[in-house]
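Asker: Structure below; questions to follow.
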Amino acid sequence: MTQLESDFDEVRDITIIGAGPVGLSTAFWAGMRHASSRIIDSLPDIGGQCTTLYPEKWIFDVPGHPRVLASDLISQLREQSLEQFDVPVHLETTAERISYEDDHVVLHTNRGDLRSRTVILSGGHGAFEPKKLPVSDIDMSPWEGRGAYYLVSEKSAFAGKRVVIVGGGDSAFDWVVNLLDTAVHITLVHRRDAFRAHEATVAEVMSHVESGRVDLQVPYVIKDVQGDGRVESVTLHNTTDEDAQPLTVDCDAVLLQLGFSTKLGPLKTWGFELDKGAVVVDHLMRTNLDKVWACGDITTFDGKLKLIATGFAESAVAVAQAVHSIRPDMKIQPVYSTNTGVPGAVVGQV
Ligand SMILES: Cc1cc2nc3c(=O)[nH]c(=O)nc-3n(C[C@H](O)[C@H](O)[C@H](O)COP(=O)(O)OP(=O)(O)OC[C@H]3O[C@@H](n4cnc5c(N)ncnc54)[C@H](O)[C@@H]3O)c2cc1C
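Under our numbering, think of the first position of the sequence shown as 15, with each following residue one higher.
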């Protein structure tokens with residue numbers, strides 16, 4: 015039996031839903047308080063939004079890091095929490111239902127039931143997925159894995175390539191700027207001649223359009239893709255002028271940046287008090303469900319800031335409360351890590 019399979023027979027102190035930056039810091043605080051934990055996430059990799067949406071962007075507002083790549087921040091969190099405390103991580107595992115059994119919370123996942131004394135929910139915006147092209151455009155899904163991308167997990171995938179980027183929002187414009195040093199040529203395609211991206215980024219992209227480093231094709235949509243097994247060119251149609259000649263753009267990759275839809279999905283039916291799609295918590299990060307705390311982007315309260323830094327702090331509070339509920343003799347106030355160091359793996363932790 016593998017380590018993860020045997021974890022289904024364990025009762026842990028805390029099951030953490032969500033392996034984003036805040037879920038990872040939750041596992042760290044659990045370890046510091048000698049609590050056993052596990053993490054589950056519906057995505058195939060850890061890191062939540064940092065990994066899925068902007069792994070190669072610099073983050074400048076995590077205190078202690080003048081700047082850090084999102085992917086590096088996740089690697090450091092992996093080392094600090096998962097590796098130091100040997101925390102099991104169940105990926106592609108979605109928490110679908112919650113129930114209670116004796117003194118335990120049971121999370122019913124697509125891979126089986128997981129039992130723990132408490133649950134900490136760090137589910138971000140819920141499960142998120144890239145928006146596909148609107149129905150009036152061509153369906154790109156047959157080209158996924160053959161030159162069509164919805165995410166950039168590694169900039170090197172676009173090295174030396176002619177890239178068509180589709181979209182008019184922040185992510186499309188950010189990737190035009192971020193791929194300038196990687197792609198050999200970039201064409202930006204948008205269905206309208208107005209953009210939703212930040213003014214400063216639009217101005218930067220326009221300066222590259224003027225200098226000839228970027229081709230801008232508006233108002234156009236992709237109507238056809240040509241290629242023998244992989245994308246080799248796309249045909250663009252003008253969205254306002256039916257008589258305009260279609261354009262053919264030779265390219266090696268098409269990066270579709272049409273935004274992401276997020277949904278709480280199964281969490282909606284658990285009975286949480288919700289406000290605008292977020293889970294209401296009190297100042298102790300307590301939800302209205304017994305034995306369930308929450309932290310990070312998924313929470314809402316008066317003064318809420320959706321930042322990684324504030325999520326880290328919320329997770330420290332949530333863990334202190336959850337562990338105190340399991341072992342009331344454990345003081346809420348922490349002892350300083352400068353005095354204690356990092357406790358070893360807790361007994362029973364695989
Ligand atoms: C483009 C962009 C740039 C950003 N830049 C910054 C920045 O510079 N500084 C900053 O502080 N913040 C920034 N943010 C915001 C930051 O990424 C979020 O605040 C942070 O990711 C929140 O972390 P989290 O762990 O709460 O949630 P997430 O990162 O959203 O992770 C939540 C995880 O929970 C999982 N999940 C949800 N529901 C379930 C379920 N039922 N079962 C199993 N798993 C589930 C999801 O799959 C996901 O992996 C940025 C966000 C974006 C999109």
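Yeah, the Cβ is synthetic: ideal placement off N, Cα and C, and Gly gets one too.
These numbers come from a predicted model, not from an experiment.
For ligand 1, is there a heavy atom less than 7 angstroms away from the beta-carbon of serine 57?
Answerer: Along the sequence shown, one-based indexing puts residue 57 at 43. A small correction: the amino acid at residue 57 is leucine; serine does not occupy that position in the sequence shown. For ligand 1, at least one heavy atom lies less than 7 angstroms from the Cβ of leucine 57.
Asker: Excluding the 5 residues flanking valine 149 on each side, which residues of the same chain have their C-beta closer than 7 angstroms to its C-beta?
Answerer: Here residue 149 is taken as the residue at index 135 of the sequence shown, counted from 1. Any reading at valine 149 needs caution, since the residue's pLDDT is 46, under 50, leaving its predicted position unreliable; the model's value is listed next. Counting only Cβ-Cβ distances below 7 angstroms, and skipping sequence neighbours, we find nothing.
Asker: What do you get for arginine 111, buried or exposed, if any count of 16 or more other CB atoms within 10 angstroms of its CB means buried?
Answerer: By one-based count along the sequence shown, residue 111 stands at place 97. When all chains shown are included, arginine 111 counts as exposed.
Asker: In chain order, what residues of the same chain have a beta carbon less than 7 angstroms from the beta carbon of valine 191, not counting five sequence neighbours either side?
Answerer: To locate residue 191, count along the sequence shown from 1; it is residue 177. Excluding sequence neighbours, valine 191 sits near Thr215, Glu218 and Val219.
Asker: Just to confirm before moving on: does the CB-CB distance between threonine 301 and phenylalanine 286 stay below 8 angstroms?
Answerer: The sequence position of residue 301 within the sequence shown is 287, counting from 1. The sequence position of residue 286 within the sequence shown is 272, counting from 1. A contact, by the Cβ cut-off of 8 angstroms.
Asker: What residue does the alpha helix (DSSP H) around leucine 91 start on, and which one ends it?
Answerer: Walking along the sequence shown from the start, residue 91 turns up at place 77. Its alpha helix (DSSP H) spans residues 84-91.
Asker: Does the contact criterion of 3 or more C-beta pairs under 8 angstroms hold for the region 114-122 versus the region 74-83?
Answerer: As far as the Cβ criterion goes, the region 114-122 does not touch the region 74-83, which means the pair count is below three.
Asker: Which of the three DSSP states is assigned to valine 219 in this structure?
Answerer: In the sequence shown, the residue the question calls residue 219 occupies position 205. Note: valine 219 maps to helix in three-state DSSP.
Asker: For valine 361, is the classification buried or exposed, using 16 other Cβ atoms within 10 angstroms of its Cβ as the cut-off for buried?
Answerer: For this step, residue 361 is matched to residue 347 along the sequence shown. Caution is warranted here: a pLDDT of 49 is assigned to valine 361, below 50, making its placement in the model unreliable, and the coordinate value is therefore given only provisionally. Valine 361 is exposed by the Cβ-count criterion.
Asker: Judging by CA-CA distance, which residue of Ser351, Trp307, Thr196 and Ile152 is the nearest neighbour of arginine 205?
Answerer: Counted from its first residue, the sequence shown places residue 205 at position 191. The shortest C-alpha separation from arginine 205 is found at Ile152.
Asker: Taking the CB atoms as reference points, tell me whether arginine 210 and aspartate 264 lie closer together than 8 angstroms.
Answerer: Taking the first residue of the sequence shown as position 1, residue 210 is located at position 196. Taking the first residue of the sequence shown as position 1, residue 264 is located at position 250. No, Cβ-Cβ distance for arginine 210 and aspartate 264 is not below 8 angstroms.
Asker: Going by the C-beta, is isoleucine 88 closer than 7 angstroms to any heavy atom of ligand 1?
Answerer: Taking the first residue of the sequence shown as position 1, residue 88 is located at position 74. No, the Cβ of isoleucine 88 stays beyond 7 angstroms of every heavy atom of ligand 1.
Asker: Is the distance from the Cβ of threonine 132 to the Cβ of alanine 336 below 8 angstroms?
Answerer: The residue labelled residue 132 in the question sits at position 118 within the sequence shown. The residue labelled residue 336 in the question sits at position 322 within the sequence shown. For threonine 132 and alanine 336, yes; Cβs fall inside 8 angstroms.
Asker: What are the complete alpha helix (DSSP H) segments, minimum 4 residues, inside the region 259-318?
Answerer: Correct list: empty.
Asker: Is there contact between the region 87-102 and the region 41-61, where contact requires at least three CB pairs shorter than 8 angstroms?
Answerer: Yes: at least three Cβ pairs fall under 8 angstroms.
Asker: I'd like the ranges of any beta strand (DSSP E) spanning at least 3 consecutive residues and lying wholly in the region 29-87.
Answerer: Counting whole runs of 3 or more residues, the region 29-87 contains the beta strand (DSSP E) stretches 51-54.
Asker: Would you kindly work out how many angstroms separate the C-alpha atoms of lysine 282 and serine 225, rounded to a whole number?
Answerer: Taking the first residue of the sequence shown as position 1, residue 282 is located at position 268. Taking the first residue of the sequence shown as position 1, residue 225 is located at position 211. For lysine 282 and serine 225, the distance between alpha carbons rounds to 49 angstroms.
Asker: Can you tell me where the beta strand (DSSP E) holding serine 247 begins and where it ends?
Answerer: In the sequence shown, counting from the first residue as 1, residue 247 sits at position 233. Segment 247-252, the beta strand (DSSP E) holding serine 247.
Asker: Let me confirm a value: leucine 272 is counted as buried when at least 16 other C-beta atoms fall within 10 Å, else exposed. Which label applies?
Answerer: Position 258 of the sequence shown, counted from the start, is the residue given in the question as residue 272. So leucine 272 ends up on the buried side.
Asker: Under 8 angstroms between the Cβ atoms of serine 136 and glycine 310?
Answerer: Here residue 136 corresponds to residue number 122 of the sequence shown, with the count starting at 1. Here residue 310 corresponds to residue number 296 of the sequence shown, with the count starting at 1. Contact flag set, yes.
Asker: Give the range of the alpha helix (DSSP H) segment to which glutamate 328 is assigned.
Answerer: The residue given as residue 328 occupies position 314 in the sequence shown. Note, glutamate 328: alpha helix (DSSP H), 322-340.
Asker: Determine the DSSP secondary structure at serine 113, reduced to helix, strand or coil.
Answerer: As a working mapping, residue 113 is identified with position 99 in the sequence shown. The answer is strand: DSSP assigns serine 113 an E or B state.
Asker: Answer yes or no: do histidine 212 and aspartate 184 have a C-beta to C-beta separation smaller than 8 angstroms?
Answerer: In the sequence shown, counting from the first residue as 1, residue 212 sits at position 198. In the sequence shown, counting from the first residue as 1, residue 184 sits at position 170. It is a contact, given that the beta carbons lie within the stated cut-off.
Asker: Which residue comes first and which comes last in the beta strand (DSSP E) that contains aspartate 229?
Answerer: The residue you call residue 229 lines up with position 215 of the sequence shown. Unbroken beta strand (DSSP E) run through aspartate 229: 228-231.
Asker: Which of helix, strand or coil does DSSP assign to valine 190?
Answerer: Taking the sequence shown and counting its residues from 1, the one referred to as residue 190 is at position 176. Residue state, collapsed to three classes: helix.
Asker: Below 7 angstroms, is the gap between the Cβ of threonine 108 and the nearest heavy atom of ligand 1?
Answerer: The sequence position of residue 108 within the sequence shown is 94, counting from 1. Answer for threonine 108: yes, Cβ within range of ligand 1.
Asker: For ligand 1, is there a heavy atom less than 7 angstroms away from the beta-carbon of glycine 78?
Answerer: By one-based count along the sequence shown, residue 78 stands at place 64. No.
Asker: Leaving out five residues on either side along the sequence, give the residues of the same chain with a beta carbon under 8 angstroms from the beta carbon of threonine 108.
Answerer: Taking the sequence shown and counting its residues from 1, one reaches residue 108 at position 94. These residues qualify, in order along the chain: Ile54, Ser56, Thr123, Asn124, Ala141, Gly279 and Pro280.
Asker: Under the criterion of a Cβ to heavy atom distance below 7 angstroms, does histidine 139 qualify as lining ligand 1?
Answerer: Residue mapping note: residue 139 aligns to position 125 of the sequence shown, counting from 1. Indeed, a heavy atom of ligand 1 lies less than 7 angstroms from the Cβ.
Asker: Return the first residue and the last residue of the alpha helix (DSSP H) that valine 17 is part of.
Answerer: Start at 1 with the first residue of the sequence shown, and residue 17 comes out as number 3. Residue identity differs from the one stated: residue 17 is glutamine in this sequence, not valine. Counting along the chain, the alpha helix (DSSP H) containing glutamine 17 begins and ends at 17-21.
Asker: Does asparagine 353 pass the burial test, meaning 16 or more other C-beta atoms within 10 Å, or should it be called exposed?
Answerer: Taking the first residue of the sequence shown as position 1, residue 353 is located at position 339. Label assigned to asparagine 353: exposed.
Asker: Please name the residue, chosen from Val295, Val103 and Gly61, that lies closest to glutamine 90 on a Cα-to-Cα basis.
Answerer: Reading the sequence shown from its first residue, position 76 is the one you call residue 90. Glutamine 90 has its Cα closest to that of Gly61, out of Val295, Val103 and Gly61.
Asker: Between serine 351 and methionine 154, is the Cβ-Cβ spacing less than 8 angstroms?
Answerer: Against the sequence shown, residue 351 aligns to sequence position 337. Against the sequence shown, residue 154 aligns to sequence position 140. Cβ atoms of serine 351 and methionine 154: not closer than 8 angstroms.
Asker: Report yes if the C-beta of cysteine 265 is less than 7 angstroms from at least one heavy atom of ligand 1; otherwise report no.
Answerer: Along the sequence shown, one-based indexing puts residue 265 at 251. No, the beta carbon of cysteine 265 sits no closer than 7 angstroms to any heavy atom of ligand 1.
Asker: Could you name the residues that DSSP lists as bridge partners for leucine 128?
Answerer: If you number the sequence shown from 1, residue 128 lands on position 114. Beta-bridge pairing links leucine 128 to Leu121.
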